[in-house]
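K.L.:
Below are the structure tokens for one structure; questions will follow.
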Amino acid sequence: AYTDYRYRFLGKQVYLALALLPPTIPVVIMGLAMLAYLSRIDLSGNALSVIIAHVVICAPFAMAVIRLRLSQMDPSLEPAAWNLGASEWATMRHVIIPFTRPAILGALFITMAVSFDEFAIAWFVSGLNETLPVKVLGFLQGQVSPRINAIGTFVFVTSMTLVILAQLLLSGRGPATDKE
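Following my numbering, the numbering of the sequence shown begins with 551 at its first residue and continues without gaps.
Structure (structure tokens):
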């Protein structure tokens with residue numbers, strides 16, 4: 551998101567299109583593609599493959615939220631920090647990150663909800679490791695038990711809580727806003 555905000559470069563539109571593409575691809579196709587790719591580089595079937603898959607799926611959501619916040623920032627803040635002697639890293643640490651903190655936290659909650667909901671991706675790339683969505687599928691293949699209802703309720707409540715927290719943070723009513 552910061553690269554998009556800060557830099558002008560050749561191919562920026564292609565970069566943005568590719569960065570924001572994963573949510574537009576059907577989940578089953580994305581899962582199969584990731585399985586094929588991760589198998590080719592010997593990473594399928596372990597926890598790292600699940601992490602990679604979830605980052606690919608969730609990064610566009612985080613990028614969209616953080617890009618929106620960065621677009622609201624006064625473009626003269628960075629040059630002002632540089633004129634006062636701050637390095638690029640100091641400017642990032644003391645200007646950019648504090649300004650985007652509500653969006654970063656909102657993006658965290660939104661991506662947690664999205665990640666929690668991406669059953670198909672976890673199923674394809676997890677291999678023998680059982681993630682929560684894969685375990686629920688195993689329960690569903692047998693007879694329906696109260697455990698499935700409990701897990702479903704937990705998933706729903708957790709997802710809704712994360713989305714509500716993200717909405718509160720992004721609307722400026724949350725605890726981590728930059729109100730003066």
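Backbone N, C-alpha and C fix where the C-beta goes; we use that ideal spot for every residue, glycine too.
Keep in mind it's a predicted model, so treat the numbers as computed, not measured.
At the level of alpha carbons, what is the spacing between residue 715 and residue 656?
P.N.:
The residue given as residue 715 occupies position 165 in the sequence shown. The residue given as residue 656 occupies position 106 in the sequence shown. Residue 715 and residue 656: Cα-Cα distance of roughly 7 Å.
K.L.:
Measuring straight from C-alpha to C-alpha, what distance separates residue 578 and residue 601?
P.N.:
Along the sequence shown, read from residue 1 onward, the residue named residue 578 stands at position 28. Along the sequence shown, read from residue 1 onward, the residue named residue 601 stands at position 51. Cα-Cα distance, rounded: 17 Å.
K.L.:
Around the C-beta of residue 668, are 16 or more other C-beta atoms found within 10 angstroms, so that it is buried, or is it exposed?
P.N.:
Here residue 668 refers to the residue found at position 118 when the sequence shown is read from its first residue. So residue 668 ends up on the buried side.
K.L.:
According to DSSP, is residue 590 part of a helix, a strand, or is it coil?
P.N.:
Taking the sequence shown and counting its residues from 1, the one referred to as residue 590 is at position 40. Of the three classes helix, strand and coil, the one that applies to residue 590 here is helix, per DSSP.
K.L.:
For the alpha helix (DSSP H) that residue 613 lies in, which residues bound it at each end?
P.N.:
Here residue 613 refers to the residue found at position 63 of the sequence shown. First-last of the alpha helix (DSSP H) with residue 613: 597 to 621.
K.L.:
Would residue 571 be called buried (16 or more neighbouring beta carbons within 10 Å of its own) or exposed?
P.N.:
In the sequence shown, residue 571 corresponds to position 21, counting from 1. Answer is exposed; the Cβ neighbour count stays below 16.
K.L.:
With a threshold of 8 Å on Cβ separation, who are the neighbours of residue 573 within its own chain once the five nearest residues in sequence on each side are excluded?
P.N.:
Numbered from 1 along the sequence shown, position 23 holds the residue referred to as residue 573. For residue 573, where only same-chain residues beyond five positions count, the Cβ hits under 8 Å are 607, 610 and 611.
K.L.:
What would DSSP say about residue 551, mapped onto helix, strand or coil?
P.N.:
Within the sequence shown, the letter at position 1 stands for residue 551. Here residue 551 sits in coil by DSSP.
K.L.:
What does the alpha-carbon distance come out to for the pair residue 643 and residue 615?
P.N.:
As a position in the sequence shown, residue 643 is number 93, starting the count at 1. As a position in the sequence shown, residue 615 is number 65, starting the count at 1. Cα-Cα distance, rounded: 19 Å.
K.L.:
From what residue to what residue does the alpha helix (DSSP H) around residue 651 run?
P.N.:
Stepping through the sequence shown from its first residue, residue 651 is reached at position 101. From DSSP, the alpha helix (DSSP H) with residue 651 extends over 647 to 667.
K.L.:
If you reduce the DSSP assignment to three classes, tell me which class residue 565 lands in.
P.N.:
Residue numbering aside, residue 565 sits at position 15 when the sequence shown is read from its first letter. Three-state DSSP puts residue 565 in a helix.
K.L.:
Within the same chain, show all residues whose beta-carbon is closer than 7 Å to that of residue 641, passing over the 5 residues directly before and after it, in chain order.
P.N.:
Within the sequence shown, residue 641 is the residue found at index 91, counting from 1. 628, 631 and 632.
K.L.:
So, helix, strand or coil for residue 572, using DSSP?
P.N.:
Working through the sequence shown from its first residue, we reach residue 572 at position 22. Note: residue 572 maps to helix in three-state DSSP.
K.L.:
Kindly indicate which three-state DSSP category residue 636 falls into: helix, strand or coil?
P.N.:
In the sequence shown, residue 636 corresponds to position 86, counting from 1. Here residue 636 sits in coil by DSSP.
K.L.:
Starting from the Cα of residue 706, find the closest Cα among 666, 553, 583 and 598 and give me that residue.
P.N.:
Reading the sequence shown from its first residue, position 156 is the one you call residue 706. Comparing Cα positions, the closest option is 666.
K.L.:
May I ask you to check if the CB of residue 648 is nearer than 7 Å to at least one heavy atom of the ligand MN?
P.N.:
No copy of the ligand MN appears in this structure; indeed no ligand is present at all.
K.L.:
For residue 635 and residue 556, I'd like the C-alpha separation in whole angstroms.
P.N.:
Indexing the sequence shown from 1 puts residue 635 at position 85. Indexing the sequence shown from 1 puts residue 556 at position 6. Distance between the alpha carbons of residue 635 and residue 556 is about 19 Å.
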